[in-house]
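Line by line, the protein sequences give chains V and E.
For the first sequence, UniProt numbering assigns the number 1 to the initial residue and increments by one for each residue that follows.
For the second sequence, UniProt numbering assigns the number 1 to the initial residue and increments by one for each residue that follows.
Protein chains: 2
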Amino acid sequence: MTGDASTAALTSRLGYLLKHVHLRFTEASAQALAPFGVDGRELAVLAVLAADRPLSQMEAAGRIGVDRTTMVALVDALEGKGLVARRRSTEDRRRNTVQPTAKGQELLREAEQARAEAERRFLTPLPDADRDGFLRALRTLAVVPEDERPESG
Amino acid sequence: MTGDASTAALTSRLGYLLKHVHLRFTEASAQALAPFGVDGRELAVLAVLAADRPLSQMEAAGRIGVDRTTMVALVDALEGKGLVARRRSTEDRRRNTVQPTAKGQELLREAEQARAEAERRFLTPLPDADRDGFLRALRTLAVVPEDERPESG
DNA sequence: TATTGTTATACTCTATAACTATA
DNA sequence: TATAGTTATAGAGTATAACAATA
């Protein structure tokens with residue numbers, strides 16, 4: 001079947017595995033969220049913007065780890081769908097505070113449930129005992145170790 | 001620190017975690033392979049092309065899971081670095097067989113060691129007991145389940 | 001001078017469509 | 001007619017540079 005050396009050369013590679021698991025999940029996620037008219041990335045941005053305190057675009061960009069120019073496009077898309085609203089900050093008029101609309105809040109609630117369900121389904125092939133460990137490992141590896149950070153390096 | 005709700009909204013997301021772990025590893029991998037003048041993707045292609053039997057570009061594309069037009073660019077890059085050689089197949093003159101050069105074979109051996117070392121280092125933050133389980137989980141999730149495949153669906 | 005949002009632009013990765021040569 | 005390789009082109013996703021408004 002697919003058990004030859006050439007295939008093993010790939011499935012033993014961490015980079016290949018991470019890339020393809022991510023690709024597979026992105027697909028599953030997009031499918032689950034399609035009825036809501038958003039993808040996983042937009043939903044994540046919406047969730048971040050639904051913080052207890054209104055965030056500026058720069059703050060949101062910092063939390064998500066993208067450039068401020070990228071955030072412009074993300075907010076444009078959400079605003080175009082009527083899910084968030086920009087408002088000039090009264091304290092610092094250079095800033096936009098961006099907040100979910102009522103429609104955005106409702107979509108967030110419902111789509112988050114669909115996302116959670118899609119994640120659960122995606123992880124189904126893993127033995128019950130392995131699932132938590134897998135997520136814990138991902139959380140550990142997603143964070144750059146203190147001594148490898150740009151500033152302190 | 002980073003323990004607010006807005007951050008939790010991200011670190012509990014499978015898509016976000018997979019994306020960022022992959023990004024972090026791609027960086028680490030690129031750094032480890034820089035002395036060899038290749039990145040992880042090129043090294044993976046080179047490893048696949050070093051099969052026991054010479055592969056055509058289509059065969060290589062199929063194993064790696066990319067389009068044949070993407071394979072053209074990948075082989076162009078490897079050929080430009082003198083790591084592989086194209087040869088018109090004598091059996092079917094539409095096909096190129098692509099094989100590593102002597103230089104490519106040597107680089108493959110040495111760079112593969114650097115890659116393995118980089119992977120080991122990247123997984124260091126995980127407790128010893130969790131490492132094998134993590135890789136096993138990735139291998140499980142990288143494969144599309146039988147009943148979700150395009151053809152049989 | 002520095003920062004926020006914006007626009008224009010460019011780069012990477014990847015795919016689709018169309019072409020050439022072979023089958 | 002169909003397939004392998006190629007080229008031209010386009011679409012994501014992301015970043016850098018430059019600009020206007022504001023601090």
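All C-beta atoms in this analysis are idealised placements derived from N, C-alpha and C, irrespective of residue type, glycine included.
Cross-chain neighbours of residue i in chain V, by beta carbon under 9 Å
i        : result
E/Leu141 : Leu17, His20, Val21, Arg24, Phe25, Phe122, Leu123, Pro125, Leu126, Phe134
E/Thr69  : What E/Thr69 touches in chain V: nothing, since even the nearest Cβ is about 18 Å away.
Top-ranked residue by Cα proximity to residue i, from the options
i        : options                              : result
V/Thr70  : V/Leu18, V/Ala51, V/Met58            : V/Met58
E/Phe25  : E/Leu43, E/Arg121, E/Arg131, E/Ala9  : E/Arg121
V/Ser6   : E/Thr101, E/Ala61, E/Ala118, E/Arg95 : E/Ala61
E/Val143 : V/Leu10, V/Ala8, V/Val21, V/Ala9     : V/Val21
V/Lys19  : E/Ala44, E/Thr11, E/Val38, E/Leu10   : E/Ala44
E/Leu123 : V/Ala118, V/Arg139, V/Thr97          : V/Arg139
E/Ala85  : E/Arg68, E/Glu91, E/Arg93, E/Gln105  : E/Gln105
E/Thr90  : E/Ala47, E/Ala28, E/Ser56, E/Ala30   : E/Ser56
V/Asn96  : V/Val38, V/Arg88, V/Ala118           : V/Arg88
E/Leu107 : E/Glu42, E/Val72, E/Glu119, E/Asp67  : E/Glu42
V/Leu23  : E/Val75, E/Gly65, E/Asp132           : E/Gly65
E/Ala102 : E/Arg63, E/Ala118, E/Arg93, E/Leu83  : E/Leu83
E/Thr99  : E/Arg68, E/Ala47, E/Arg109, E/Asp67  : At residue 99 of chain E the sequence reads Gln, which differs from the Thr that was named. Of the listed residues, the one whose Cα sits closest to E/Gln99 is E/Ala47.
V/Glu119 : V/Gly40, V/Ala9, V/Ala8              : V/Gly40
E/Leu74  : E/Arg94, E/Val38, E/Leu135           : E/Val38
Residue i in three-state terms, based on DSSP
i        : result
E/Ser56  : strand
E/Thr26  : helix
V/Val38  : coil
V/Ala51  : coil
E/Val21  : helix
E/Val84  : strand
E/Gly153 : With a pLDDT of 26 at E/Gly153, under the threshold of 50, the predicted position of this residue should be treated as unreliable, though the coordinate-derived value follows. Correct three-state label for E/Gly153: coil.
E/Thr11  : helix
V/Thr2   : Only weak support is given to the placement of V/Thr2: the predicted model assigns it a pLDDT of 43, under 50, and the value that follows is read from those uncertain coordinates. Coil.
E/Val66  : coil
E/Val45  : helix
E/Thr140 : helix
Contacts that residue i makes with chain E (C-beta to C-beta distance below 7 Å)
i        : result
V/Glu119 : Leu14
V/Ser6   : Val48, Ala51, Arg63
V/Ala137 : Leu126, Asp130, Phe134
Chain E residues whose Cβ lies nearer than 9 Å to that of residue i
i        : result
V/Ser29  : Leu14, Gly15
V/Ala102 : Result: empty, since nearest Cβ-Cβ is about 19 Å, beyond 9 Å.
V/Leu107 : Within chain E, no residue comes near V/Leu107; the closest Cβ sits about 15 Å away, beyond 9 Å.
Closer than 8 Å at the beta carbon, the chain E residues around residue i
i       : result
V/Leu10 : Ala44, Ala47, Val48, Arg63, Ile64
Per-residue contacts from residue i into chain V (C-beta, under 7 Å)
i       : result
E/Gly40 : Gly15
Below 8 Å, can you find three or more Cβ-Cβ pairs linking the region 9–20 of chain E to the region 40–57 of chain E? Contact fails: fewer than three Cβ-Cβ distances are below 8 Å.
Does the region 70–81 of chain V touch the region 30–37 of chain E, meaning 3 or more C-beta pairs lie closer than 8 Å? Under the Cβ criterion (8 Å, minimum of three pairs), the region 30–37 of chain E does not count as touching the region 70–81 of chain V.
Looking at C-beta atoms only, is the number of pairs between the region 127–137 of chain E and the region 106–116 of chain V that lie closer than 8 Å three or more? With fewer than three CB-CB distances shorter than 8 Å, the region 127–137 of chain E does not count as touching the region 106–116 of chain V.
Taking any Cβ of chain V, which residues in the region 73–98 of chain E have a Cβ under 9 Å from it, in chain order? Cβ contacts with chain V: none found.
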